[in-house]
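So the numbering used here is basically just the index in the sequence shown, starting at one, shifted up by 54.
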Amino acid sequence: MNIPKLQSSPLPTWEEVREALLQTAIRRKEENFSAWLRPVVGSVEEGDDGFLNLRLVSPTGFHADAMRERFTVLIYVTWRKFSPDGQIIIVEPSQDKKTRDRQPEPRKTAQVIQLPLWPEQARAAPNVILRSALFPATNKRRWVNNEIIASLDGVEIRFQGKSLTQKHFDTWAELVHLARNHPLGEECVFTAYGFLKTQKLAMGSHGYQQLADELKDLLQPVSITWNGKTYQGGLIYRVKRDDDTKCYKVRIDPDIIKLFSPDEYTIMDWEQRRQLGRNDLAKAVHNHIISHASMFDYTLTKWRELTGNTEELKQYRRRFKKVLNSFKEKGIIQDWSIDPESDCVHIERGETISASQRRHLNLTSRKRRKKQDG
55 MNIPKLQSSP LPTWEEVREA LLQTAIRRKE ENFSAWLRPV VGSVEEGDDG FLNLRLVSPT
115 GFHADAMRER FTVLIYVTWR KFSPDGQIII VEPSQDKKTR DRQPEPRKTA QVIQLPLWPE
175 QARAAPNVIL RSALFPATNK RRWVNNEIIA SLDGVEIRFQ GKSLTQKHFD TWAELVHLAR
235 NHPLGEECVF TAYGFLKTQK LAMGSHGYQQ LADELKDLLQ PVSITWNGKT YQGGLIYRVK
295 RDDDTKCYKV RIDPDIIKLF SPDEYTIMDW EQRRQLGRND LAKAVHNHII SHASMFDYTL
355 TKWRELTGNT EELKQYRRRF KKVLNSFKEK GIIQDWSIDP ESDCVHIERG ETISASQRRH
415 LNLTSRKRRK KQDG
């Protein structure tokens, strides 16, 4: 649709422009664009020169940078149909006068945002992710279009792109582990050789290519809403490889700190996870179990959803029981049972919980007694 440059011509609405942008993305096969566009606040304004300008306000500076780097051509091709000589302005709220006028003056002091620290031999991940099917127990990947991912009540996870796997989780957990030593947003630099060696994975062209593919996949947008908070963006923000040094440089959005609030993430025994080998179902179940100090009873059908498994329930039941038996032998759980009537799975962690989880249970118990006494 061409918009003539006449003063009397009505301005196109943001809804019209937004729809045109989405159609261009479809034609250009930019599957991730709609997720990146969703939090953007757009407006069409007439400049002093009489041309129409498109203003896009991103939620964060990282988001604005990503829009400029990834989608400038897509936005330009679309906008010139409305205003061939108009400008495209992509800003974050702090740079946008309309938004800034509605907000109090920010503090002048810089804030360093950094992940909590945990032992070198451990890894850590947010509970909302560990208790979901974002990293499913299957290698049958499929394309997902802003689909809701199975998770617990009170949590909504949406994902867009090619579905992830437990191998992606291993890679992401390692990246988060590296990032904990730097302010979020700064580059984490590593070689493919060193990264694969740390994970005890096979070297060679296949391993290097798999790492490159997994890093690309982790850029795909996800939206996680829980406890009145929302994180939107890729699980990593940016990745590039230096052709001279052969080093990868990865950045993680500082906004991901929301997922690592106190009592909302779990420090994992990484060697224990490694001992599970290539059993993706065991890894997915392990993620869920270790994130709880005390387990809730879920039906076997619910467990299948939360682990992202697509097997027939009969086959899943057989494999699930085998996993829990191995967990009991390894001391990951104390005991387990399945109610024959409700098909609910009861898992006892007992003394297998971590010291921090034990402190959490003790604190919860004291609060409950205090409330009853009061």
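For every residue, glycine included, the Cβ atom is placed at its ideal position computed from N, Cα and C.
Remember, it's a predicted structure, so these values are computed and weren't measured experimentally.
When the beta-carbon positions are compared, V111 and T67 stay at least 9 angstroms from each other. Looking at the backbone, the Cα of R195 and that of D389 are separated by about 33 angstroms.
Across the structure, E241 and E73 are spaced so that their CA atoms are roughly 35 angstroms apart. Residues of the same chain with a CB within less than 7 angstroms of the CB of A79, apart from the 5 flanking positions on each side, are F87, S88, L128 in chain order. In the same chain as I203, and ignoring 5 residues on each side of it, the C-beta atoms closer than 6 angstroms to its own belong to S186, A187, L188, I211, F213, in chain order. With a beta-carbon spacing of about 14 angstroms, W324 and Q220 fall beyond the 8 angstroms limit used to define contacts. Counting only residues of its own chain and dropping the five nearest sequence neighbours on each side, T361 has a CB closer than 8 angstroms to the CB of A187, P190, A191, L335, A338, V339, H342. Annotated three-state conformation of Q286 is strand, per DSSP. Looking at T279, K294, S259, L106, the one whose alpha-carbon comes closest to that of E123 is K294. Non-local beta-carbon contacts of F116 in its own chain, meaning distances under 6 angstroms to residues more than five positions away in sequence, involve Y291, D307 in chain order. Within its own chain, the residues whose Cβ lies closer than 6 angstroms to the Cβ of A178, once the five positions on either side in sequence are excluded, are W172, Y319, I321, listed in chain order. Residue state for P180 is assigned as strand, using DSSP reduced to three classes.
Counting along the chain, the unbroken alpha helix (DSSP H) around V131 starts and ends at 115-136. In the DSSP assignment, T219 forms no beta bridge with any residue. Assignment of Y247 by DSSP, reduced to helix, strand and coil, places it in the helix class. Setting aside the 5 residues that flank it on each side, R358 is surrounded in the same chain by Y370, each with a C-beta closer than 6 angstroms to its C-beta; the list follows chain order.
When DSSP reads this structure, Y319 sits in a beta bridge with P180. Within the same chain, Cβ atoms closer than 8 angstroms to the Cβ of W90 are found at H117, A120, M121, R124, F125, P275, the five residues on either side in sequence being excluded. For G282, the closest alpha carbon among the candidates S217, V209, C301 is that of V209. Taking a C-beta distance under 9 angstroms as the contact criterion, R403 and A347 qualify as a contact pair. Taken in chain order, the whole beta strand (DSSP E) runs of length 3 or more contained in the stretch 235-279 are 242-245. When rounded, the separation of the alpha-carbon atoms in R82 and I143 is 22 angstroms.
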